[in-house]
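This report refers to the structure that appears directly beneath it.
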Amino acid sequence: MFSERLKDALEAVDPALSEFVRTERTWDDVHKTPISGGPFYLANLLARRDCWDQDRTRIVPRKRGDGSCFNTISGSGRAVLRSRVADASIWREVLTQTVVC
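Mapping to this note's numbering: the sequence shown position 72 is 575, numbers consecutive.
The structure is reproduced here in structure tokens:
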């Protein structure tokens with residue numbers, strides 16, 4: 504969820520970065536109350552980058568209970584290749600699907 508202010512800031516940087524869907528009401532499950540201050544936006548991040556330095560980042564395949572697989576980073580060490588993200592502000596990494604900014 505994005506506030507309107509953050510959505511506007513991201514669109515100012517790059518209008519093709521994300522798709523947004525406006526939602527008027529958002530629920531706080533912890534406090535069992537609507538969240539004030541809307542509108543809010545669901546975001547589909549369209550930008551993709553292959554950015555992990557795979558020599559310095561341990562990426563391991565994992566299997567879900569349904570048999571499908573995904574990649575994740577093992578441990579806290581991760582390194583991004585600066586040359587692949589020099590002009591980027593936020594993106595989804597292609598191998599692990601991690602959102603990076």
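We put the CB at the ideal spot given by N, CA and C, even for glycine.
Problem set entry | Contact the stretch 527 to 546 vs the stretch 562 to 569: 3+ CB pairs below 8 angstroms | The answer is no - the stretch 562 to 569 does not touch the stretch 527 to 546, with fewer than three Cβ pairs under 8 angstroms.
For this session: Could you tell me the distance, in whole angstroms, from the CA atom of Asp531 to the CA atom of Ser539?
Result: Distance between the alpha carbons of Asp531 and Ser539 is about 10 angstroms.
Problem set entry | Burial state of Glu514, where buried means 16 or more other Cβ atoms lie within 10 Å | Residue environment for Glu514: exposed (fewer than 16 other C-beta atoms within 10 angstroms of its C-beta).
For this session: Name the residue from Thr599, Gln600, Arg595 whose alpha carbon lies nearest to the alpha carbon of Leu607.
Result: With the chain covering only 504 through 604, there is no way to say anything about residue 607.
For this session: Count the other CB atoms, across all protein chains shown, that sit within 10 Å of the CB of Cys554; report buried if there are 16 or more and exposed otherwise.
Result: When all chains shown are included, Cys554 counts as buried.
Exercise. For the alpha helix (DSSP H) that Glu514 lies in, which residues bound it at each end?
Worked result: It spans 507 to 516 - the alpha helix (DSSP H) in which Glu514 sits, taken as one unbroken run.
Exercise. Can a CB atom of chain B be found closer than 8 angstroms to the CB of Val516?
Worked result: Reference to chain B is not applicable here, since this structure consists of a single protein chain.
Exercise. Apart from the five residues just before and just after Val603, which ones in its own chain have a Cβ nearer than 8 angstroms to its Cβ?
Worked result: So the qualifying residues of the chain are Arg552, Cys554, Val583, Val588, Ile593, Trp594, Arg595, Glu596.
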